[in-house]
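Number of protein chains: 2
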Amino acid sequence: MAATMKDISRETGLGLATISKFYNGGNVRAKNRKLIEDAARKLSFVPNEFARSLKTKQSRTVGVVIPELGNAFITSIITIMEDQLRKMDYAVIVCDCRSDARREAEAVSFLLHKRVDGLINMPTDTTGNHLLPAIKAGVPVVLVDRLLRPIRGQVSAVVVDNADAAEQGTEFLLANGHRDIGLILGNRSIFTTERRFEGYMNALKNAGIKPRDELIRYGDYTMDGGYNAVKALMSLPARPSALFITNFEMTIGGMLALSELGIKVPEDISVIGFDKLDMFGEIFPNLTLIKQPQNAIGEQAAKLMLELLAGGGEVLPQTITLSTQLYIGSSTLPAR
Amino acid sequence: MAATMKDISRETGLGLATISKFYNGGNVRAKNRKLIEDAARKLSFVPNEFARSLKTKQSRTVGVVIPELGNAFITSIITIMEDQLRKMDYAVIVCDCRSDARREAEAVSFLLHKRVDGLINMPTDTTGNHLLPAIKAGVPVVLVDRLLRPIRGQVSAVVVDNADAAEQGTEFLLANGHRDIGLILGNRSIFTTERRFEGYMNALKNAGIKPRDELIRYGDYTMDGGYNAVKALMSLPARPSALFITNFEMTIGGMLALSELGIKVPEDISVIGFDKLDMFGEIFPNLTLIKQPQNAIGEQAAKLMLELLAGGGEVLPQTITLSTQLYIGSSTLPAR
DNA sequence: TTGAAAGCGCTAACAC
DNA sequence: GTGTTAGCGCTTTCAA
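Quick mapping for you: the protein sequence lines, in order, are chains A and B. Every position in the first sequence, counted from 1, becomes a number in my numbering once 3 is added. Every position in the second sequence, counted from 1, becomes a number in my numbering once 3 is added.
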């Protein structure tokens, strides 16, 4: 059977309190310190997390609820978050709700039963109702990538300035003389989709250009969706002279569609993509794109969570908005 | 403060044992059953997992250690596993070790400290040493996708018959008259890479064809790698007439390279890809490919783990080998 | 600094 | 079927 503090106590002749203190960073005489270390090694003692949790009411575990695992943007953020949290000895339980609000609520409830200390969520349900049990239970919540208006002020969040990102990308194309800009968005009614749509519209409005409805497509943030959207746009009688594709997967799908159609970038059409520059590597060496700061998003989310966790209910929720960057490659050309 | 069983006991006048039994599926009189349910609702009581764990020595948590989260094959398996395990009330802690053996060993140690009940691992370290602590501690281990010879017999595993998969694909191309078949593999010395290489070589040998070394490329299982490998193969003086690309990401990269080079599939070259048919959807509607049974892999891994968990050390480790399927699309043509 | 002792909330053996 | 009771292994007053 695994050794307990009692065994260490017997072995060293020290009291339980001293040993406990040793493992919690308290002051222990150097001599005793060594005594404990030796005994622990000898008995291969490891503190029992269950007992500790029972006493401290903390699981040192954070739940993460996301719409899906098969999305490069999401997994890159999770990887970073997990790293940061693990450094502070927090484990991460990931629940994929397949973009289903019912599953999402179940995941939250499951995690609450598991007594996670905090919840990080890229929400599917736009009402935020699924998080109410967590809020009521005093479990800190950090939203990632998407805000939830109904519960704003009650939870922290890390997002990107999506409207600005889209505005910037659109403006760049406008500045290059493009007036017919195809926009490929994610699923309707998702936070990022709406904000990016706004940014696009703003840019057009500011330039005094009337948007053409048929140039705006919804590609569901999937490779397939991007592919289809580009094909549809390219079969329009009045083709756009530029394309703005608003996530990684759709960008790949879109590029595939173009190359399949024999349409050259940037000679025949200008393209602005989204996310994940490194992975494109050799493939689209010079794609102009909007870079979201995935690493910073993950880091900030973890940091916010750790602060909330350390603050013991005293820390106020806050929203961090990060900027995107327009990386100018050579996939765009002035309109003719 | 959260209600405890004691509160329910006071509220209902029942003993602790009865209440505990109720929550553990024991026999309780219908009347009392109702009494407890009402009281629990009234006090919004939830059993404390910490206390339960302390007593039962089980965390109802399984650790999953993988090389990376940003790979479609891996995430699709995790999604399924998580589903199955969660159904049985097990939480899943995922640790991404970025294909780094040191990080992998750390992850195992971390999870052991967190007292996971079991470990599922797609191993990076080929020695299996990282799992020794788990084995010694009696924590059941299930390997996924890759076997570890040094510790065989001590852990369970779910793999695919990779050699057979590669042989089958190669044979199909051979049967179509192709003799110069470009093979694009993953990272060297990874289990699946080696097995698939074997299968390819076997097929050639059986057909009495001498392999050409320069037709075998390592694309690191990345999009970029696949892209580069195809470009390299296509710049050979003696081009292959067919390509066999052995994972999803490399297949996409490879297809992009081909379409960029203006090489038509299947008119100019035959292609067999790998994995993830649904996602290709409209994009490569008829790509011939090797389908790995991701769902079955995830399900079997979860099932093996649940059996090991339920068996209390009595269940013997076993290895399940699943077959792949050759899905014949129209991306191959007989060689001219 | 250190030790003794009282729980944290639950399970399970045992007696009824 | 139900109640009593003794821990599970740790943290944390409190006193020394």
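We put the CB at the ideal spot given by N, CA and C, even for glycine. Because the structure is a prediction, the values reported are computed rather than measured.
1) Give the DSSP-derived three-state secondary structure of ALA232 of chain B in the structure shown.
2) When you compare the CB of ASP278 of chain A with every CB in chain B, is at least one pair closer than 8 Å?
3) Could you work out which residues of chain B lie near ASN231 of chain A, taking near to mean beta carbons separated by less than 7 Å?
4) Is PHE287 of chain B helix, strand or coil when you go by DSSP?
5) Give the straight-line distance between the Cα atoms of HIS181 of chain A and ARG118 of chain B, rounded to the nearest whole angstrom.
6) May I have the straight-line CA-CA distance separating ASP342 of chain B from MET125 of chain A, to the nearest angstrom?
7) Cα-Cα, which of B:THR82, B:ARG55, B:LEU114 and B:CYS100 is closest to ALA94 of chain A?
8) Is the distance from the Cβ of LEU188 of chain A to the Cβ of GLU217 of chain A below 8 Å?
9) Alpha carbon to alpha carbon, what distance is there between LEU146 of chain B and PRO153 of chain B?
10) Across which residues does DSSP place LEU122 of chain B in a beta bridge pair?
11) Hey, how far is the Cα of VAL142 of chain B from the Cα of ALA206 of chain A?
12) Taking all protein chains shown into account, decide if MET91 of chain B is buried (16 or more other Cβ within 10 angstroms of its Cβ) or exposed.
13) Does DSSP put THR254 of chain B in a helix, a strand or coil?
14) Helix or strand or just coil, what does DSSP make of THR173 of chain B?
15) Report the neighbours of THR82 of chain B on chain A: residues whose CB is nearer than 9 Å to its CB, in chain order.
16) By Cβ distance, which residues of its chain are closer than 6 Å to LEU72 of chain B, with the 5 residues on each side in sequence left out?
17) Roughly how many whole angstroms lie between the Cα atoms of THR59 of chain A and ASN35 of chain B?
18) When DSSP labels each residue in this structure, what does GLN303 of chain A get in the three-state scheme?
19) With a cut-off of 8 Å on the beta carbons, I'd call THR335 of chain A and ILE275 of chain A a contact; round off their distance for me.
20) My guess is that GLU109 of chain A and ALA166 of chain A are in contact by the Cβ rule of under 8 Å, so how many angstroms apart are they, rounded?
21) What residues of chain B sit near VAL95 of chain A, judged by a beta carbon separation below 9 Å?
22) So, does the CB of ILE255 of chain B fall closer than 8 Å to a CB anywhere in chain A?
23) Can you confirm whether the segment 78-85 of chain A touches the segment 36-47 of chain A when touching is taken to mean that 3 or more C-beta pairs between the two stretches lie within less than 8 Å?
24) Tell whether a beta-carbon distance below 8 Å holds between GLY332 of chain A and ASN289 of chain A.
25) Secondary structure at PHE1 of chain B, three-state DSSP: helix, strand or coil?
26) Taking C-alpha atoms, which residue in B:LEU259, B:SER159 and B:SER102 lies nearest to MET308 of chain B?
27) Is the beta carbon of SER56 of chain B sitting closer than 8 Å to the one on SER47 of chain B?
28) Using beta-carbon positions only, say whether LEU88 of chain A and VAL111 of chain A come within less than 8 Å of one another.
29) With a Cβ-Cβ cutoff of 8 Å, do VAL162 of chain A and THR324 of chain A count as a contact?
30) Under 8 Å, Cβ to Cβ, is there at least one residue of chain B near PHE194 of chain A?
31) Relative to chain A, which residues along the segment 320-335 of chain B have a C-beta separation below 7 Å, given in chain order?
32) Taking the alpha-carbon of LEU177 of chain A as reference, which of A:VAL97, A:TYR221, A:MET204 and A:ALA6 has the nearest alpha-carbon?
33) How close, in whole Å, do the beta carbons of GLY222 of chain A and ILE255 of chain A come, if the pair is a contact with beta carbons under 8 Å?
34) Of the residues B:ARG106, B:LYS208 and B:MET253, which one's Cα is nearest the Cα of GLU285 of chain A?
35) May I ask which residues mark the beginning and end of the alpha helix (DSSP H) holding ASP41 of chain B?
36) Have a look at A:GLU197, A:VAL144 and A:THR173 and flag the residue whose alpha-carbon is nearest the alpha-carbon of GLY315 of chain A.
Let me lay it out:
1) ALA232 of chain B sits in a helix when the DSSP states are folded into three classes.
2) ASP278 of chain A is outside the set of residues whose beta carbon lies under 8 Å from a beta carbon in chain B.
3) Chain B residues near ASN231 of chain A: GLU285.
4) Coil at PHE287 of chain B, not helix or strand.
5) Distance between HIS181 of chain A and ARG118 of chain B, taken at the CA atoms: about 59 Å.
6) No answer is possible for residue 342 of chain B: it lies beyond the span of chain B, which begins at 4 and ends at 339.
7) Taking only the C-alpha atoms, the option nearest ALA94 of chain A is B:LEU114.
8) GLU217 of chain A sits away from LEU188 of chain A, with the two beta carbons spaced by 8 Å or more.
9) When rounded, the separation of the alpha-carbon atoms in PRO153 of chain B and LEU146 of chain B is 13 Å.
10) According to DSSP, which records beta bridges pairwise, LEU122 of chain B is partnered with B:GLY66 and B:VAL144.
11) Roughly 58 Å separates the two Cα atoms.
12) That one is exposed.
13) Correct three-state label for THR254 of chain B: helix.
14) The answer is helix: DSSP assigns THR173 of chain B an H, G or I state.
15) Chain A residues near THR82 of chain B: GLU71, LEU72, GLY73, ASP99 and ARG101.
16) The residues are ASP99.
17) Rounded to the nearest whole angstrom, the C-alpha separation of THR59 of chain A and ASN35 of chain B is 32 Å.
18) Under the three-state reduction of DSSP, GLN303 of chain A is assigned to helix.
19) About 7 Å separates the two Cβ atoms, so the contact holds.
20) Not a contact, Cβ separation roughly 32 Å.
21) Neighbourhood of VAL95 of chain A in chain B, by CB distance below 9 Å: ILE96, VAL97 and CYS98, in chain order.
22) Chain A, which has a Cβ nearer than 8 Å to the Cβ of ILE255 of chain B, makes this yes.
23) Touching, no.
24) Going by C-beta atoms, GLY332 of chain A is nearer than 8 Å to ASN289 of chain A.
25) Any property of residue 1 of chain B remains undetermined from this structure, which presents chain B solely from 4 to 339.
26) It is B:SER159 whose Cα lies nearest to the Cα of MET308 of chain B.
27) It is not a contact, given that the beta carbons lie outside the stated cut-off.
28) At a Cβ-Cβ threshold of 8 Å, LEU88 of chain A and VAL111 of chain A do not count as neighbours.
29) With respect to the 8 Å criterion, VAL162 of chain A and THR324 of chain A are classified as neighbours on the basis of their beta carbons.
30) Closer than 8 Å: no.
31) Against chain A - using a Cβ distance shorter than 7 Å - the segment 320-335 of chain B contributes no residues.
32) Comparing Cα positions, the closest option is A:MET204.
33) That pair is no contact at about 11 Å.
34) Comparing Cα positions, the closest option is B:MET253.
35) Residue range 33-46 is occupied by the alpha helix (DSSP H) that includes ASP41 of chain B.
36) Nearest of A:GLU197, A:VAL144 and A:THR173 to GLY315 of chain A, Cα basis: A:VAL144.
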